[in-house]
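Please read the structure below before turning to the comments.
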């Protein structure tokens, strides 16, 4: 079993839709949860950072962590074509990050 | 604030040749990481430096890969000799603190290596 599992997609949605991206993880010691956005031929860009359980909101983005089920989510409201990218989840219990494979998202105009 | 710089952005070499990548982290960041990202996969940590010392190189193929961070600032990753399966994007990242759980990592644009 991989430490972090993420559906690779691709996921296609119409502009304005609410997008839900998800990851599961196996190690209950993980305390830090990150979402990165990676545009084609670019490096990952830190989007959201959450410690432990709960929700965090930043503009159109909401990160949610459920430690009881080892499940993390990223919601994008009012999705835009500019949101088309690969979204990587990452977790950490120590100084080391474990990344998911990324979900490719395409928002259609 | 300037981000993480990497060069070159693209490199094409033949198998068995050698190649080197350079990274300059964000100013003041103590920790530097090199990741390998194969197409369709998430980044895989190759090596992590704290200042100029190695913290973790457990996934670095040491028979062909080497890395150094001599003055605790910029770093070089070398592959010698390259194999076809080394074709990937090599990402450099840095973080401010030393061995701190959850410290935010910032990535450079990456070097896309194609081995033919």
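Residue numbers (the working numbering), protein chains in the order written: chain S, 1 to 109; chain A, 1001 to 1116.
Just so you know, even glycine gets a beta-carbon here, dropped at the ideal spot from N, CA and C.
Note that this is a predicted model, so its numbers are computed, not measured.
Residue 1112 (chain A): member of the beta strand (DSSP E) spanning 1111 to 1115, first to last residue. The alpha carbon of residue 1080 (chain A) has as its nearest neighbour, out of A:1092, A:1062, A:1095, A:1074, the alpha carbon of A:1062. Taking a contact as a CB-CB distance under 8 Å, the pair residue 1107 (chain A) and residue 1075 (chain A) does not count as one, their CB atoms being some 14 Å apart.
In the structure shown, residue 1014 (chain A) adopts coil according to DSSP, grouped into three states.
At a C-beta separation below 7 Å, residue 1104 (chain A) has these neighbours in chain S: 46, 49. Straight across, the Cα-Cα distance linking residue 51 (chain S) with residue 34 (chain S) is about 9 Å.
Within the stretch 63 to 100 of chain S, the beta strand (DSSP E) runs of at least 3 residues that lie entirely inside it are, in chain order, 71 to 76, 85 to 92, 97 to 99. No residue range can be given for residue 1051 (chain A), since it is assigned to no beta strand (DSSP E) and is classified by DSSP as neither H nor E. The continuous beta strand (DSSP E) containing residue 57 (chain S) extends over residues 54 to 58. Residue 103 (chain S) does not reach chain A, its nearest Cβ partner there being about 10 Å away, counting only Cβ pairs nearer than 8 Å. Nearest CB-CB separation between residue 41 (chain S) and chain A: below the 9 Å threshold. If you draw a 10 Å sphere on the C-beta of residue 1054 (chain A), you find fewer than 16 other C-beta atoms in it, and that means exposed.
Bounds of any beta strand (DSSP E) do not take in residue 1100 (chain A), whose DSSP letter is neither H nor E. Proximity of residue 1114 (chain A) to chain S, defined by a Cβ-Cβ separation below 9 Å, is not satisfied. Think of a sphere of 8 Å around the beta carbon of residue 1057 (chain A): no beta carbon from chain S falls inside it, the nearest being about 12 Å out.
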